[in-house]
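**Q** Next up is a structure, given as structure tokens.
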């Protein structure tokens with residue numbers, strides 16, 4: 012798992028929304044999802060971060076553009092696949108373009 016992606020787990024509880032309009036809490040160790048009813052308010056003792064797949068979809072073309080010097084790493088792309096933001100096919104194509112053979 013990409014340490015840059017997981018650094019937020021050290022300080023925040025992370026929730027995501029997917030295309031099904033449900034809310035999931037991410038497990039910090041394996042990125043598994045737990046369905047929840049609501050997102051608790053963020054506060055000093057329990058900071059919360061919410062990541063929406065729809066917002067990621069808008070930026071995906073930029074973040075996964077091979078000639079972009081600020082593109083996400085393949086490890087980060089795998090993490091996004093694991094949480095449901097990138098499909099297996101998108102990851103496979105990205106790996107082919109970014110990993111030298």
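In my numbering, the protein residues as written are 12 to 112. Even glycine gets a Cβ: it sits at the ideal position worked out from N, Cα and C.
#1: Is there contact between the stretch 34-47 and the stretch 67-87, where contact requires at least three CB pairs shorter than 8 Å?
#2: Pick helix, strand or coil for residue 26, following the three-state DSSP scheme.
#3: DSSP three-state call for residue 35: helix, strand or coil?
#4: With DSSP collapsed to three states, give me the class of residue 44.
#5: Find out if the Cβ-Cβ distance for the pair residue 75, residue 101 is shorter than 9 Å.
#6: Considering only residues of the same chain and omitting the five flanking positions on each side of residue 61, which have a CB-CB separation below 8 Å?
#7: By alpha-carbon positions, which one of 110, 109, 95, 108 ends up nearest to residue 37?
#8: Given that a residue counts as buried once 16 or more other Cβ atoms are within 10 Å of its Cβ, and exposed if not, what is residue 110?
#9: May I ask you to list the residues that DSSP assigns as paired with residue 5?
#10: Tell me the DSSP secondary structure of residue 50 in three-state form.
**A** From the atom records:
#1: no
#2: Strand, per DSSP.
#3: strand
#4: strand
#5: yes
#6: 25, 26, 27, 28, 50
#7: That would be 95, whose Cα lies nearest to the Cα of residue 37.
#8: It is exposed - the Cβ of residue 110 has fewer than 16 other Cβ atoms within 10 Å.
#9: Lying before the first or after the last residue shown, residue 5 is absent from the chain, which here runs from 12 to 112.
#10: coil
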